[in-house]
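Protein chains in written order, with the working numbering: chain A, 1 to 696; chain B, 1001 to 1243.
Heads up: the structure comes next, in structure tokens.
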């Protein structure tokens, strides 16, 4: 791939976009104008409405005999009270005669039939003669609410009050709230009077005093108010901003036949797709940045107006932007690939719209109360980013969730980009023809080797499979581990090799490398873990990780024999993970050169272990095993090293003498001298495999 | 490159689903020669030209461009081809000058060279008045001149032109025809498809007629007319396709 060609395509696409008024309007003008206008305007309108409502004299009809002092209190609280007005004669008489009793209270929320009972009570209340009489008065705005005082208060000392209002009318709803507050105050007055008259201590009848205070800091409160809508808005912007450009640059170019002009230039399909993808991603990110800036400034302005004090700082918005990058890549690549399938611009819009909705709508879950990031949601495309943005804004983002969200989003984006690259290799599609599913995905193609992009696709596919597999809750962990290793790591590799009709042994480097590399594998396996543990001193893992690792290694289960643990945790990963990361992937990366192939496969190996705390040790182990693989041209030394490394970890935790030594000496890490000794042994192993290329 | 052959195809085949679009077509084009590819609509002319330009890959057969195998060395082969189609539009929001500079980058011309070539072509094809106007504001004739400039930009040894005068008025059409002749006079190999017989008669040194994906005739005008016993190229064409 030539950078100068990619750059030329990228700059041409950007130039065209910057001259497209529609895109510029959508990308920059709209966010910069719309949010301040809408949000500030609406919040001012809302504030004015609330202020006006609070100051407004509320119209209340009081039906029944007013309790002493109640009328005075209501009038002093800005209620315009009309006594027994619009009360039909017959109904007034029945009210005085005590024919009506208080509504039944609503059931407890814990009642299993609460919903049903609530519905019945609502129906009953709605058909109550007083409610029937009050309804037209409230609906016709002759009053905001009707306050019914049932007789008998003087007799038994308890005044029953009914408030009839219209929940749909905001005025009526507010007046109901104000009436509640005023009546509460009236009740307190009554109680105080009774305490005095009965010679009771002041506050005796209250029984319980309660005041609550919000302990959330200002920043968290501000973040929460923004976090309800911002993730969805940003995801929607990401999905839509690149949409027009992607369709224009694919289906539009096909329609105008400029695509064929581009194809007859000496340019590789991958250069075209990368140039176009980079341009779309840039445009989308510019739009996202404009939206974040505009929304941030607007929200800060609104929160200042609402006297909520300080708002979110720029660093939070920058973090949100960073999190948005992988999802932007995902949508850009998807639209780019889908646009190629369309005959013309209109067809492209029709094809891409459902995909846009599919990527955008799940993000709306952030608007639901109580939905937060967890081990399941971090692997759901788009939803994970929306929830992470929400968590970042309220200061709840955990490092592991950030890491897993970024990794899984990057995996989805890579898959989408590989799909786009594959589509751009299909000349029939690019020149306006059709293509078959079989042709598009290359099933049955007699390929002679695994390419780096296929290795990436395999990695992403396995990663997605693994993450979802690990969340299956009902399988016993001892079987889950084996199923994961053989079913989700090894099986896809073997199936892919067989589907491509490649020789399994050669493709996966299953060859005897000679004794020297095997001894090197043993040395690396025995020492790499202790050497890599040096990195744990830099980023100590939380205790929860150690516990969950123990659980994964089944060390909390006394019923599982140690042989099974070693088979599941040591031997199986040694075989399955090595065939994937070294045999399949590093084998495919071999053409990129020694350092790139070792580094890339080790990095992906570390990423697949799904924890930011284990990243460094696993990366170092991956580098050492990658070195063994490169020099021995065989996957076997790495299998030995990997299995031994895992087996040792099991031994360290499960052998009582070693465990007791750590507990007794209060050791958080492996002793430094052990780590340094491990480093030396590991170095000897790595030297041994290079020193003499001993072929089988 | 031997014997002045610039473009050669041998037993080209292309099938779309059940339809055989091109079936075992072979011919070549020499330096300083205009070869006309004639055929009714749907005969397979565009598919042949797209395979020769490297836009489509043949199901079978071989394309050689100045000795380079199109499948084995597509970039080397494409560097030597200028492709122009009658229905190709330009990038609407770019100016003709920007289009030329963009393709200059894609053909990896040095910065100075591409600017110089763009200027030369703007002058030569009388584009100065509209070279800096967005392509969406240009007339059909102006757009096609800009397209020709784009195809000539890297000074290719071979020009592949797919009905380049379609939808143009007489003056614009003549301008393009003259430009093609001047390229031939400069030693370029030109492969030209058309269904306008007068154009073919005026321009082509040799003619390849195709019908339903297969080659129906090949030779100079005189040879084809002589073999068919017709009085002119139109009748010879109709006889060749069995009408």
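All C-beta atoms in this analysis are idealised placements derived from N, C-alpha and C, irrespective of residue type, glycine included.
Closer than 8 Å to the CB of residue 263 of chain A there is at least one CB belonging to chain B. When C-beta atoms of the segment 241-259 of chain A are compared with those of the segment 1075-1094 of chain B, three or more pairs fall below 8 Å, so the two segments count as touching. Non-local beta-carbon contacts of residue 337 of chain A in its own chain, meaning distances under 6 Å to residues more than five positions away in sequence, involve 419, 420 and 423 in chain order. For residue 1032 of chain B, there are no C-beta contacts with chain A under 8 Å, since the nearest C-beta of that chain is about 22 Å from it. Looking at the DSSP output, residue 1030 of chain B sits in a beta bridge with B/1005. Within chain B, the residues 1106 have their CB atoms less than 7 Å from the CB of residue 267 of chain A, given in chain order. Taking a Cβ-Cβ cut-off of 9 Å, the neighbours of residue 1085 of chain B in chain A comprise 257, 260 and 261, given in sequence order. With contacts defined as CB atoms closer than 8 Å, residue 241 of chain A and residue 333 of chain A fail to qualify as a contacting pair.
Residue 1182 of chain B and residue 249 of chain A have their alpha carbons spaced roughly 35 Å apart.
By a beta-carbon distance limit of 8 Å, residue 1081 of chain B contacts residue 1065 of chain B. Their separation comes to about 6 Å. When Cβ-Cβ separations below 8 Å define contact, residue 1103 of chain B makes contact with chain A. Chain-ordered listing is empty here: chain B has no CB closer than 8 Å to the CB of residue 286 of chain A, the nearest sitting near 17 Å. Closer than 8 Å to the CB of residue 1078 of chain B there is at least one CB belonging to chain A.
Using a Cβ-Cβ distance cut-off of 8 Å, the segment 159-166 of chain A and the segment 123-140 of chain A are in contact, since at least three pairs of beta carbons, one from each stretch, lie closer than that value. CA-CA distance, residue 120 of chain A to residue 114 of chain A, rounds to 10 Å. Fewer than three beta-carbon pairs drawn from the segment 262-276 of chain A and the segment 365-375 of chain A are found closer than 8 Å, and the two stretches are therefore not classed as touching. A direct Cα-Cα distance of roughly 12 Å separates residue 20 of chain A from residue 283 of chain A. Going by DSSP, residue 389 of chain A is part of the alpha helix (DSSP H) stretching over 383-393. By the beta-carbon neighbour count (other beta carbons within 10 angstroms, threshold 16), residue 1070 of chain B is buried.
By a beta-carbon distance limit of 8 Å, residue 629 of chain A does not contact residue 417 of chain A. Their separation comes to about 27 Å.
With a cutoff of 8 Å on beta-carbon distance, residue 324 of chain A and residue 234 of chain A are scored as near each other.
Annotation for residue 79 of chain A: no alpha helix (DSSP H) segment contains it, though the beta strand (DSSP E) segment containing it runs 79-83. Beta-bridge partners of residue 1211 of chain B (DSSP): B/1214. DSSP places residue 328 of chain A within a helical segment (H, G or I) once states are collapsed to three. The residue from A/352, A/515 and A/328 with its alpha-carbon nearest to that of residue 339 of chain A is A/352.
Non-local C-beta neighbours of residue 1013 of chain B in its own chain, meaning closer than 7 Å and more than five positions away in sequence, comprise 1022, 1023, 1024, 1058, 1059, 1060 and 1061, ordered along the chain.
Using a Cβ-Cβ cut-off of 7 Å, residue 1068 of chain B is close to nothing in chain A; its nearest Cβ partner there is about 11 Å away. Not a single CB atom of chain B sits nearer than 8 Å to the CB of residue 457 of chain A. Residue 627 of chain A sits buried, since 16 or more C-beta atoms from the chains shown fall within 10 Å of its C-beta.
Residue contact check for residue 8 of chain A against chain B: a CB pair falls below 8 Å. Of the candidates A/168, A/116 and A/73, A/73 places its Cα closest to the Cα of residue 187 of chain A. One alpha carbon belongs to residue 620 of chain A, the other to residue 210 of chain A, and they sit about 57 Å apart. Non-local beta-carbon contacts of residue 452 of chain A in its own chain, meaning distances under 6 Å to residues more than five positions away in sequence, involve 588 and 589 in chain order. With a threshold of 8 Å between beta carbons, residue 1089 of chain B makes contact with chain A. Contact between the segment 628-642 of chain A and the segment 516-524 of chain A is established, with three or more Cβ pairs separated by less than 8 Å. Of all residues in the segment 1045-1056 of chain B, only 1050, 1053, 1054, 1055 and 1056 come within less than 9 Å of chain A when Cβ atoms are compared, listed by chain position.
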